[in-house]
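Here the structure comes first, spelled out in structure tokens, and everything after it is commentary.
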Amino acid sequence: MRLTQRTALDLFIEHGFDEVTVGQIADEVGMAASTLYRHFDTKEAIILWDEHDREIDAALERELKVRPPWEAMCVAFVEGLGSKYDADLDFQLKRISYIYETTQLHAAAVEADFNDRADLTAGLSHFLSKKQRRTAPLLAGAAMLALDTALDNWQQQDAKRSLGTLIVEAFEALSHLGDIN
């Protein structure tokens, strides 16, 4: 999946997102288009896929057991993305920048954020007190906004500051949400 994503991104940058077909990507990585579709249901999904999603999920589940939700989400995003993106800086910066500058990809990313927010809301609901469960959508939405803001700032600044630092700053800007338990 990683090779497919990297190959596709290079093809998209060279030829344009609309000009590259899934078949061309499959040919480049030496697989059948049907096999590629089993892993990615759209061209957008190839670029939006993040190999660190499972790590974020595991970190979030672990952190929600020992920290308030707002703090747990910040730590999970920093652990799951911050150092990982910095370690793979050139590719991740190129990928995130391409998402922001390509209308179709950016729209698909926004839609994916809505789905992630719904999943995060469901997950948070299990850790919030009964009285606070109604705040889960707000917390999830604010966390996704903080992450998106950090990613946008990171790519706009050509990764001159670490993503982890920008995530922490975005969460701190909304730190009053940390009072929700």
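For the sequence shown, my numbering begins at 7 and goes up steadily by one. Backbone N, C-alpha and C define an ideal beta-carbon position, used for all residues, glycine too.
Cβ pair residue i, residue j closer than 7 Å
i: E69; j: G86; result: no
i: A219; j: L172; result: Shown here, the chain extends from 7 to 187; a query on residue 219 therefore has no answer.
i: E50; j: A93; result: no
i: L42; j: V28; result: yes
i: I52; j: Q110; result: no
i: L134; j: A142; result: yes
i: E57; j: R8; result: yes
i: L54; j: A118; result: yes
i: M79; j: A149; result: yes
For residue i, the nearest candidate out of the options (CA to CA)
i: D164; options: G29, V116, Y91; result: Y91
i: I102; options: D33, L153, A38, M7; result: L153
i: F18; options: T108, V84, M37, F83; result: T108
Sequence-distant residues of the same chain with beta carbon closer than 8 Å to residue i, five excluded per side
i: Q161; result: L99, I102, S103, Y106
i: V81; result: A65, E69, R73
i: T48; result: A114
i: V35; result: L9, T10, T13, L42
i: A193; result: This structure gives no information on residue 193, because the portion of the chain shown stretches from 7 to 187.
Same chain only: Cβ atoms within 7 Å of residue i, ignoring 5 sequence neighbours per side
i: P75; result: L130, F133, L134, L145, I186
i: R139; result: S131
Cβ-based neighbour list, residue i, same chain, cut-off 6 Å, excluding 5 preceding and 5 following
i: F46; result: I52
i: A240; result: Any property of residue 240 remains undetermined from this structure, which presents the chain solely from 7 to 187.
Assigned secondary structure, residue i (DSSP; H/G/I helix, E/B strand, else coil)
i: D56; result: coil
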